[in-house]
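Residue numbers (our numbering): 613 to 875.
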C-alpha cells in the first residue's frame with residue numbers, strides 16, 4: 613500500500629512524559645514531510661495547547677479536540693460543537709455530584725470551579741497554563757469538548773444520565789466529554805473527504821484510549837510501545853516506545869521512511 617497521509621497523536625506519541633519531542637521524532641517527521649507525505653496532528657488537545665509544537669515541526673494541519681475542530685493548512689475545515697442542551701444536563705449532574713468541569717472552545721478554556729485539586733492535577737499533567745474561571749463560559753461560547761473530573765469509581769454516576777454524550781478517560785481524575793459518536797476518526801474522515809484520499813491510504817499513530825477509532829479507521833493503525841494495553845487490540849502494528857524511536861520505526865514499518873542502520 614502506498615500511504616499518502618499520516619495522523620499523529622501528541623501525548624505519549626509525539627511527546628514523552630516530560631512533554632518533549634525526541635530529536636529522532638523531529639527528524640522523522642521532517643523527513644516524512646520532505647518525501648511528500650503529509651503529517652497531520654490528531655489530538656484530544658485544543659489548538660491553543662499545541663501551537664508551539666506545530667511551529668517546532670513545521671506543520672499547518674490538525675485534527676484537534678478529539679475530532680471536533682479540524683484545520684487544513686491554516687484554514688478551518690470542520691467543526692462539531694456540543695449542543696447547549698447536552699451541556700446543561702452535564703452541568704446539572706456534575707454539580708449534583710460535586711464534580712468540576714472545564715469547558716473548551718477552539719480559542720480558550722475555562723473551569724466552573726475555583727482551586728479544585730482535580731482540575732489542577734489533570735491540567736498540570738499537560739504542562740500548560742491552568743484554565744480561567746468562568747462558570748458560564750459554556751453558555752456564551754461554542755464548546756467542542758469538556759473535561760469532567762471524577763474518579764474511575766465515580767463514572768457509574770453518569771451512566772444513562774447523559775444520553776447524547778460519551779466519556780473517555782485520559783487521566784486518573786479526568787475524562788473527555790464528547791458528543792456520542794465523536795472521535796478523532798470523525799475529524800479524520802472530514803479531512804480525508806476534503807482531500808479525496810481514501811481511509812486505507814492513511815496511517816495513524818496513537819497510545820491512548822481516545823485513539824481506538826482512528827487506528828481502526830485508517831489503513832494502518834500503529835500503537836506506541838508505551839500505549840495503554842487496552843489500545844493494542846485495535847492496532848495493526850505496535851512500534852517502540854516514544855523515547856526509543858517509536859515514530860521512526862513505525863514509519864519504516866509503513867514503508868514511508870527507509871530503514872535506518874542501527875548498531
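All residues carry an ideal CB built from backbone N, CA and C; glycine is no exception.
The structure presented is a predicted model; accordingly, all values stated were derived computationally and were not measured.
3 or more residues per run - each beta strand (DSSP E) lying fully within the region 792-865: List check, beta strand (DSSP E) in window: 814-818, 832-835.
Beta-bridge partners of residue 694, as assigned by DSSP: Translated into the one-based positions of the chain shown, residue 694 becomes position 82. BP columns for residue 694 are empty, so no partner.
Cβ-Cβ distance between residue 644 and residue 804 below 8 Å: Numbered from 1 along the chain shown, position 32 holds the residue referred to as residue 644. Numbered from 1 along the chain shown, position 192 holds the residue referred to as residue 804. By the CB criterion at 8 Å, residue 644 and residue 804 fall outside the cutoff.
Cβ neighbours of residue 728 in the same chain (closer than 6 Å, five flanking residues each side left out): Taking the chain shown and counting its residues from 1, the one referred to as residue 728 is at position 116. Closer than 6 Å at Cβ, skipping near neighbours: 712.
Cβ neighbours of residue 875 in the same chain (closer than 7 Å, five flanking residues each side left out): The sequence position of residue 875 within the chain shown is 263, counting from 1. Its pLDDT being 45, under 50, residue 875 is placed unreliably by the model, and nothing is read from it.
Assumed close pair residue 661, residue 816 - CB separation to whole angstroms, cut-off 8 Å: In the chain shown, counting from the first residue as 1, residue 661 sits at position 49. In the chain shown, counting from the first residue as 1, residue 816 sits at position 204. Taking C-beta atoms under 8 Å as the contact rule, residue 661 and residue 816 fail to qualify, at a distance of about 20 Å.
Secondary structure of residue 875, DSSP reduced to three states: Along the chain shown, one-based indexing puts residue 875 at 263. Only weak support is given to the placement of residue 875: the predicted model assigns it a pLDDT of 45, under 50, and the value that follows is read from those uncertain coordinates. Here residue 875 sits in coil by DSSP.
Contact with chain B by residue 788, beta-carbon distance below 8 Å: Checking the listed chains, one finds no chain B in this structure; it contains a single protein chain.
Start-end ranges of the beta strand (DSSP E) lying completely within the region 652-734, minimum 3 residues: Listed in chain order, they are 674-676, 681-684, 687-691, 713-716, 721-723.
Residue burial classification, residue 736 (beta-carbon count within 10 angstroms, cutoff 16): The residue labelled residue 736 in the question sits at position 124 within the chain shown. Exposed, because fewer than 16 other Cβ atoms sit within 10 Å of the Cβ of residue 736.
Start and end residues, alpha helix (DSSP H) containing residue 641: Numbered from 1 along the chain shown, position 29 holds the residue referred to as residue 641. Counting along the chain, the alpha helix (DSSP H) containing residue 641 begins and ends at 635-646.
Check whether residue 678 and residue 838 have beta carbons under 8 Å apart: Stepping through the chain shown from its first residue, residue 678 is reached at position 66. Stepping through the chain shown from its first residue, residue 838 is reached at position 226. Going by C-beta atoms, residue 678 is not nearer than 8 Å to residue 838.
Bridge partners - residue 783, DSSP secondary structure assignment: On the chain shown, residue 783 is found 171 positions in, with the first residue counted as 1. Answer by DSSP bridge pairing, in chain order: 786.
Burial state of residue 742 (16 or more Cβ within 10 Å): For this step, residue 742 is matched to residue 130 along the chain shown. Exposed, since its Cβ has fewer than 16 Cβ neighbours within 10 Å.
Per-residue DSSP class, three states only, for residue 742: By 1-based counting over the chain shown, the position of residue 742 is 130. In the displayed model, residue 742 falls within coil according to three-state DSSP, outside both helix and strand.
CB of residue 843 within 8 Å of CB of residue 814, strictly: Position 231 of the chain shown holds residue 843. Position 202 of the chain shown holds residue 814. Going by C-beta atoms, residue 843 is not nearer than 8 Å to residue 814.
Residue 675 beta carbon less than 8 Å from that of residue 834: Here the question's residue 834 lines up with position 222 in the chain shown. Here the question's residue 675 lines up with position 63 in the chain shown. The answer is no: Cβ separation not under 8 Å.
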